[in-house]
Amino acid sequence: MSTQTLNRRDGFLPAVTERIRGRYLSPVASFILFVALFATIVVRYGFTSPSQVFLNLLVDNAHLIVLAVGMTFVILTGGIDLSVGSVVALSTVILAKTLESGWPAPVAIVFVLLAGTVLGLLMGTVIEYFDVQPFIVTLAGMFLARGLCYVISVGTLPIKDPLLRKLGLNYLYLYEDKFIRWTVVIALIVVVVAIYVLHETRFGRTVYAIGGSRQSAQLMGLAAARTQVSVYVISGFCAALAGVLLGVQKLSGYSLNGIGLELDAIAAAVIGGVLLSGGVGFVLGAVIGVLVLGTIQVFVTTENLDSYWTRIMTGVLLLVFVLVQRVLVRDTR
Amino acid sequence: MTRRVIASPLLWPALALIALLGLNVVLTPSFLAIRVEDDHLYGSLIDILRNGAPTMLVALGMTLVIASRGIDLSVGAVVAISGALACAHIAAQPDGNSVTTVATAMLIALGAAVVLGLWNGILVSSFGIQPIIATLVLMTAGRGIALLITNGQIVTVTSERFRVLGAGYALGLPVAILVSLAVFAVVATITRRSALGMLLEAIGVNPEASRLAGVRYRTIVFAVYVFSALCAGIAGLMIASNISAADANNAGLWIEMDAILAVVIGGTSLLGGRFSLTGTILGALIIQTLTTTVYTAGITPETTLVFKAVVVIAVCLMQAPKFRRLLRRRRGAAGPPTVPDDDVAESAPRTDTVAAS
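Protein chains in written order, with the working numbering: chain S, 11 to 343; chain W, 3 to 359.
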């Protein structure tokens, strides 16, 4: 009897609004913001093909999407990975260097991905088994990766491999004249796999559980230690893959690539509603965050503003979303 | 006495610094030589002190922030803004060398730094936002604001008086290091000769408990962020004055990372609740000496980062309790333990030495 009255009061619509008010608020808010920003830009500059503008967003930010996905895993456990920007640079440099010395492209790519994964594994191990804060360990990883870049090459190395050129330059026509590139396909596959892993597997649930409370997760008998290391491995892998994508996009390897990219990835995650204290957030939220950042970039370039406006606007957005999250957390508790 | 030295948290940083200096002496025998020229001291050691002064200053502010269980990522941005404001003001005046111009420029820069510190303090203590995110906002936007002030240009100034802070000498020593050491002395006196340091550590250990115990949580947290920004502001003036220009893109780039490293190497825990100002000074010196070592060893300067990473990991592992225990167990298996395995005996003098520093 009482359940029925309860059910009647919590009808479908209130349940939806309740959910939106909860942890869905931030992603939904950033999605609305993205649509509004995007519409404004399309109307203001009279872009003839809005769908191509959107597809270009994906093309330009394919690497950032992959990076934000990896960062989401780490942040969900309550950690942080500052090394990703440098690992991206290192990956582009290793890729270019190995190709230059005559490695076949698939081998070079696998080697790059392996390097990123191993670096992530090392950092995860130190964090988990020696109890050093993630912030410091990944900071050291950031210095190490950036330093290794310079050791390998200080200048720009071109990527001339035909397969990779094809990957980076060829259009993939969706319909009529609307196109994306292969890098976008790879990025979207990563997103889909990540969503599956986070929401449908035991591993994914453990990631959320650790972010909620590490101690409880451990007491429940979840494989907390292994999962904690794994998220850094995933982040390292994603960073290396993002490096491959960026290398393919720019068709060069350069040690100054990706400076400050870790901040963009963190900002994207926060704007997309991933709580930095861990345990709350979605992969899709982070992707929306990337799209918001990408739209700001488009606005700044089409408006012919100086590039530093991107940073200021990102900062302001970050502030707004942090405050929104703050209000949200206060409400739900 | 020996036990006290062995248990001191300053032991590892001090040994690391001595080892680095020793390595330099092997590489260049004249490394420790200091000579007098034009009434002031010259030599590699003096260079280390002068170039390390900004990092040292920023790290001092960072120490107090970290002690309160916070972190301040925005110091690099504050460095850039402070330098940009000072140079923009001096460049706009007809006489860049007059005392009033330089003084106003510095006051404007430091005033802005205090405002930015207040901003961080409001976000952290009033809105209760995690320090790492609250300061990330300013870290992201700050450098953009600095570029906005300088219009994206590098603003150069010709002002002998302004140069004094970063490149001048007094009493035979660089002014920059004297300023940093003066700040160190003041902070050490205030935190260790009054209850302030203990209150700060209380907040770091448990903010809620300290608040219930009557510690003025908000005021103290506000104060540490303002102090950190103020230190960053002075460091920004030093850097701008040293090169007589404001380079909003590169001034203070990664200085927040260096400062945090210096703090951690010095034995302050990122979890808050315990801090050592002397350790921070040692940490900043280690980082600067490392950079200088790479230069003098003739290794390409770009690879400094690799060495920095190695040193950071080594020192952090040495301080990680789990790693220490592992080492000790190994040693215990090989022969009689040289270090007493007694945690009480070890931790008691530790609090002593930290309090004394």
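Quick reminder that beta carbons are idealized off the backbone N, C-alpha and C, glycines included.
Against chain W, a Cβ distance below 7 angstroms from S/F140 picks out L319, A322, K324, F325. If you draw a straight line from the Cα of S/T82 to the Cα of S/T237, it is about 14 angstroms long.
By the Cβ test, the segment 52-60 of chain S is not in contact with the segment 104-118 of chain S, since fewer than three Cβ pairs between them sit closer than 8 angstroms. For W/K324 and S/L35, the gap between their C-alpha atoms comes out near 41 angstroms. An exposed status is given to S/Y185, since fewer than 16 other beta-carbon atoms sit within 10 Å of its beta-carbon.
Taking a C-beta cut-off of 9 angstroms against chain S, the contacting residues of the segment 134-151 of chain W are I134, I135, A136, L138, V139, L140, M141, T142, A143, G144, R145, G146, I147, A148, L149, L150, listed in chain order. Each of S/I85, S/R336, S/L301, S/P172 was checked against the Cα of S/V194, and the nearest Cα belongs to S/L301. Under the 8 angstroms criterion on CB atoms, S/T324 is classed as interfacial with respect to chain W.
Per DSSP, reduced to three states, the secondary structure at W/E39 is strand. Counting of Cβ neighbours within 10 angstroms places W/F129 among the exposed residues, the total staying below 16. For W/L175, the pairing in a beta bridge is given by DSSP as W/A172.
In the structure shown, the three-state DSSP call for S/K176 is helix. Exposure of S/Y181 is indicated by the presence of fewer than 16 other C-beta atoms within 10 angstroms of its C-beta. For S/R191, the enclosing beta strand (DSSP E) starts and ends at 188-191. When C-alpha distances from W/V67 are compared across W/A93, W/A316, W/G235, W/V228, the shortest belongs to W/V228. Not one beta carbon of chain W lies nearer than 8 angstroms to the beta carbon of S/L123. Judged by beta-carbon spacing, W/G235 lies within the 8 angstroms limit of W/V80, meaning their Cβ atoms are closer than that value. One thing to note: W/L232 has its Cβ no nearer than 8 angstroms to the Cβ of W/A105. Using a Cβ-Cβ cut-off of 7 angstroms, S/S245 is close to nothing in chain W; its nearest Cβ partner there is about 17 angstroms away. When Cβ pairs closer than 8 angstroms are counted between the two stretches, the segment 253-266 of chain W is seen not to touch the segment 171-184 of chain W, the count staying below three.
Residues of the segment 156-183 of chain S that bring their beta carbon within less than 7 angstroms of a beta carbon in chain W comprise R156, G157, L158, Y160, V161, V164, in sequence order.
Within chain W, no C-beta atom comes less than 8 angstroms from the C-beta of S/A275; the nearest is roughly 12 angstroms away. Annotation: W/V314 to S/I269 spans about 21 angstroms, alpha carbon to alpha carbon. Note: W/V157 is bridge-paired with W/A248 in the DSSP secondary-structure output.
Cβ contact annotation for W/P303 (same chain, cutoff 7 angstroms, sequence separation greater than five): V296, Y297, in chain order. Residues of the segment 119-132 of chain W with a Cβ closer than 9 angstroms to any Cβ of chain S, in chain order: L125, F129, G130, I131, Q132.
Classified as exposed, W/R332 has fewer than 16 neighbouring CB atoms from the shown chains inside 10 Å of its CB.
In the three-state reduction of the DSSP assignment, S/L232 falls in the coil class. Annotation note: the segment 269-347 of chain W contains the following uninterrupted alpha helix (DSSP H) runs of length 4 or greater, listed N- to C-terminal: 279-298, 306-321, 323-336. Taken through DSSP and simplified to helix, strand or coil, S/Y264 comes out as coil. By the neighbour-count definition (other C-beta atoms within 10 Å, threshold 16), S/A234 is a buried residue. Cβ contact annotation for S/G214 (same chain, cutoff 7 angstroms, sequence separation greater than five): V207, L208, in chain order. DSSP, reduced to helix, strand and coil, places W/P96 outside both helices and strands of the structure shown, so it counts as coil.
The C-alpha of W/A250 is placed about 19 angstroms away from the C-alpha of S/D274. Secondary structure at S/L182: strand, using DSSP grouped into helix, strand and coil. Counting only Cβ-Cβ distances below 7 angstroms, S/Q143 has contacts in chain W at L272, in chain order.
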